[in-house]
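Under UniProt numbering, the first residue of the sequence shown is numbered 1, with each subsequent residue one higher. First the structure, in the form of structure tokens, and then the observations on it.
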Amino acid sequence: MKDTTQVIDSKVVTVTVFQDRAEVTREANVTLKQGEHILVFDQLPDSIEEKSVQVSGKGTQAMLTQVKFLTEYYEHSLDEDVQALEDKKQGLIAQGRRLQNEQQRLQGQQRFLQGMVDRVTKPTKGQRKSTPQDWLKMLEYYGQKQANVDEALLKVKQQVRQNTQALDKLEKETIHFFTQPQKARKKVEVQVSVAEEGTLQLLLSYVVQGASWEPYYDLRVSTKAETLELMYKAVIRQNTAEPWYDAALRLSTARPHIGGRQPELKAWRIQQHNPVTAQQVRDRLKATIKGVSGGAVKAMKKAKRPAVTSMPKPAKDVDEKERGIMIAGAVYDESNIDQFLERDEKRKMEEAQKIVDNKPTPPPNIDRGGAKVETGGTAVFFEIEGTHTVKNDDTEHQVTILQDTFSAHLQYSAVPKLSAHTYLRARTTNHTEYPLLAGSTNVFLDNNFVANASIDTIAPSEEFWTFLGTDEGVKVARKFLKKYEKQAGSLFSKKHRNLVYEYVMEVKNFKPRAIELIIKDQLPASQNEEVKVELLKPMYTEDTDELKVDKLKAIEWAYTLESGKSLQIPFEFAITYPANVWLTGM
């Protein structure tokens with residue numbers, strides 16, 4: 001029995017969006033008789049990854065015997081999109097002509113009314129003079145009619161401008177469509193063998209480039225209830241050459257562009273560096289100069305009287321080439337070759353250090369409702385509720401992944417050395433099964449927008465801090481008091497210097513309630529055993545709840561400050577170092 005070929009209608013039913021691509025699933029339902037059939041999915045995007053194409057089916061008893069991926073090339077598009085653009089263009093042109101005709105008629109009415117006024121105010125010879133009653137009647141008639149005409153003319157002019165703008169936009173869309181690099185359509189042929197007549201449901205899935213999604217958050221904090229309401233959203237964009245109408249959406253954290261295979265280590269080779277000596281470079285330089293000069297002399301002896309068009313270069317250029325060699329635009333000879341050697345040696349050492357470091361290059365930083373979370377072996381999938389339409393014009397389509405409320409512990413934090421502002425932050429725990437991916441945040445404090453911020457990736461059950469912007473109700477200032485050298489009479493003090501730096505932190509709580517405040521500063525960290533740094537105030541022996549010092553010499557004070565209270569925190573440290581040492585970094 002001869003195979004029957006049939007182009008089938010299909011629609012996008014499910015889309016899984018990744019960071020840089022999407023997996024699209026199309027569904028087609030077709031009633032088939034017993035026998036062999038070739039079913040064609042046509043008008044598919046040109047950006048399909050051929051190896052990603054998969055076909056499955058269910059329904060009547062049938063067997064998929066072959067799947068072909070084909071490409072059709074064309075020069076001019078004759079599909080429905082182009083026809084729709086042309087129809088819309090012709091409609092706008094016709095509308096523009098009607099508006100121009102209407103505008104001309106209204107302008108004619110204006111001229112007619114003005115002519116009537118002229119006849120009343122400037123009567124011709126033999127015409128009866130107008131009485132005051134005639135003037136009043138004309139004034140009332142003219143005012144009413146002229147107002148109506150002016151209003152209608154203004155409206156028509158606005159419509160003409162709108163029509164012109166719409167036509168210009170449509171022209172750009174048409175030009176953009178025809179200048180697209182893709183001049184091909186993909187299609188998939190599916191050969192099936194049907195055992196008995198019935199309805200077959202086919203699912204065609206494929207991966208296309210040009211789609212992406214990124215997370216962002218709305219954080220609403222109530223200082224009274226000490227809660228944080230989190231709305232976890234996503235922005236989806238796509239320009240995959242086909243729109244997704246009423247499709248179920250899934251968002252994936254997988255990154256297929258990285259690849260699933262672990263990279264393999266290669267041999268890491270080191271070798272002895274044998275620098276070229278200055279004398280070797282000088283010998284090579286002399287040989288080069290000798291060769292250049294000798295060649296120039298021979299060329300001059302062989303040359304005839306030079307023509308006007310072959311005038312020699314200025315004496316400076318000739319002298320430089322005769323007395324040295326040019327390297328990277330600079331001329332070196334025996335007088336300045338040491339300068340070149342020093343720079344070249346430094347360059348080689350830097351290149352060798354880069355090889356030794358062997359550091360990998362970091363990867364580049366790339367509707368109301370809820371979502372179900374589905375965890376795979378290496379990724380998480382968010383199933384967005386309902387169906388959605390995402391146009392293929394790179395416009396943003398927003399969906400909601402999660403909306404939940406968390407208890408929040410509020411705390412103020414300040415680093416007065418770096419910023420004059422005090423920041424409010426909240427500590428909470430992600431008690432959901434959703435990972436919170438790194439993204440930007442819109443922060444609302446007591447229903448008022450206060451700042452844009454960001455969060456890092458947060459796993460389920462992980463505790464995290466979120467900054468909520470600045471608060472002028474808490475002031476923290478760092479003031480430098482003095483710097484002086486501490487003198488002592490010992491022999492050690494004559495060989496060493498001891499510098500003391502004094503600061504004070506001034507704190508004021510203008511809030512109507514008590515606050516928890518963290519203040520951070522730092523001690524200078526010495527890179528030399530002979531340079532000692534000692535914290536004088538506050539007194540520190542070990543970490544406590546009120547005072548902590550970490551390995552990088554960062555100091556953290558913790559206070560609970562009542563409403564309206566002030567606080568002064570002394571901060572002093574001393575630096576001891578040999579008298580013949582010059583300190584940097586202070």
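We put the beta carbon where it would ideally sit given N, CA and C, even for glycine.
How about residue i and residue j: do their beta carbons lie closer than 9 Å?
i, j, result
"Val208", "Glu49", "yes"
"Glu23", "Lys187", "no"
"Tyr232", "Val12", "no"
"Tyr577", "Leu567", "no"
"Glu534", "Ile575", "yes"
"Thr227", "Ser52", "no"
"Phe480", "Tyr503", "yes"
"Leu200", "Leu44", "no"
"Thr65", "Val192", "yes"
"Asp446", "Lys511", "no"
"Leu437", "Glu516", "no"
"Glu433", "Arg237", "no"
"Gln103", "Val149", "no"
"Asp404", "Leu251", "no"
"Glu196", "Gln34", "yes"
"Thr42", "Asn239", "According to the sequence displayed, residue 42 carries Asp and not Thr. No, Cβ-Cβ distance for Asp42 and Asn239 is not below 9 Å."
"Leu99", "Asn29", "no"
"Leu249", "Thr400", "no"
"Pro524", "Phe571", "no"
Answer with buried or exposed for residue i, where buried requires no fewer than 16 other C-beta atoms within 10 angstroms of its C-beta.
i, result
"Pro360", "In this predicted model, Pro360 has a pLDDT of only 42, less than 50, meaning its place in the structure is not dependable; the value taken from the coordinates is given anyway. Exposed, by the Cβ-count rule."
"Ser440", "exposed"
"Ser10", "buried"
"Gln90", "exposed"
"Ala514", "exposed"
"Asp456", "exposed"
"His37", "buried"
"Phe449", "exposed"
"Tyr484", "exposed"
"His388", "buried"
"Arg105", "exposed"
"Tyr141", "exposed"
"Asn509", "buried"
"Ser56", "exposed"
"Trp557", "buried"
"Gly324", "With a pLDDT of only 48 at Gly324, under the threshold of 50, the placement of this residue in the model should not be trusted; the figure read from the coordinates follows. Under this definition Gly324 is a buried residue."
"Asp521", "buried"
"Ala94", "exposed"
"Phe112", "exposed"
"Arg284", "exposed"
"Leu70", "exposed"
"Leu39", "buried"
"Val476", "buried"
Is residue i helix, strand or coil by DSSP?
i, result
"Val415", "coil"
"Ala554", "strand"
"Asn163", "helix"
"Gly35", "strand"
"Asp404", "strand"
"residue 587", "In the structure displayed, the chain extends from 1 to 586; residue 587 sits before or after that span and is not available."
"Lys157", "helix"
"Arg427", "strand"
"Asn442", "strand"
"Lys565", "coil"
"Val30", "strand"
"Asp118", "helix"
"Asn448", "strand"
"Val390", "strand"
"Tyr559", "strand"
Is the closest heavy atom of the ligand SAH to the C-beta of residue i under 8 Å?
i, result
"Val53", "With respect to the ligand SAH, the structure offers nothing, as it holds no ligand at all."
Name the DSSP bridge partner or partners of residue i?
i, result
"Gly59", "Leu200"
"Met570", "Contrary to the premise, residue 570 reads as Pro rather than Met in this sequence. The partner list for Pro570 (beta bridge, DSSP) reads Val504."
"Ile575", "Leu499, Val533"
"Asp87", "Asp87 is not bridged to any residue."
"Val207", "Glu23"
"Gln398", "Val235"
"Phe69", "Val188"
"Tyr217", "Tyr232, Thr441"
"Arg250", "Thr16, Glu383"
"Ala453", "Thr441"
"Thr227", "Ser222, Ser407"
"Gln54", "Ser205"
"residue 630", "Any property of residue 630 remains undetermined from this structure, which presents the chain solely from 1 to 586."
"Trp244", "Val390"
"Thr4", "His37"
- Item | Length at least 3, wholly inside the segment 464-520: the beta strand (DSSP E) runs in chain order | Listed in chain order, they are 474-485, 496-509.
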